[in-house]
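Okay, structure first, notes after.
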Amino acid sequence: MLLLTLLLMLLLQVTGSMAQDFQAEVRERLAALESQNWYLSRALLLQQVAMEEYRRANGDSGITVIRNFRDGTQPYHSATHTSLSAIAVHNHANTVNTCGLGELDVVLNGVHFRTRHNDFPLAQPSTTSVCIF
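Quick note: the sequence shown uses our numbering, first residue 195, plus one each step.
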């Protein structure tokens, strides 16, 4: 959008016989940029689809990586799904009713997700509500 605005400003400044040549050149460049953008968007979409298909075919759903506290000289020295706790779940002793969930990578139905560190407040459902969830 910014590029288009700048091009329009330049078009307004150019006058005379140069204006037609300049406008034609701008149209060509804009068409080329739109074409490149289309091809890049398509490539990105196809890459995502290919990754999802690969994940579905080679491992279904599950936890791939969790927050790592340890490292070593061998691949099995680092954490994959459990380390100091299962899937990086931890308590917050200094905060009442709070459960922590560290960074983790998961695959759900072939789609890869990466989360950041989250802390969740624990709340008890209402015992008097008529709504059942």
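Beta carbons are placed, not taken as given, at the ideal position from N, Cα and C, and that holds for glycine.
| Check | Outcome |
| --- | --- |
| Range covered by the beta strand (DSSP E) that runs through THR321 | Premise fails: THR321 is in no beta strand (DSSP E) and is neither H nor E. |
| Where LEU298 falls, given that 16 or more other Cβ within 10 Å makes a residue buried | buried |
| Limits of the unbroken beta strand (DSSP E) element including VAL283 | 283-285 |
| Spatial neighbours of LEU302 in its chain, beta-carbon cut-off 6 angstroms, leaving aside the 5 residues before and after | SER255 |
| Extent of the continuous beta strand (DSSP E) to which THR292 belongs | 292-295 |
| Residue environment, ARG249, which counts as buried when at least 16 other CB atoms sit within 10 Å | buried |
| Under 7 angstroms between C-beta atoms of ARG310 and ALA282 | no |
| Which residues DSSP lists as bridging ASP313, in chain order | GLY294 |
| Any 3 or more C-beta pairs closer than 8 angstroms across the segment 285-298 and the segment 310-321 | yes |
| Anticipated Cβ contact below 8 angstroms, MET245 with HIS286, distance rounded | Rounded, the Cβ-Cβ distance is 35 angstroms, inconsistent with contact. |
| Rounded straight-line distance, which links the Cα of ALA237 to that of GLY304 | 19 angstroms |
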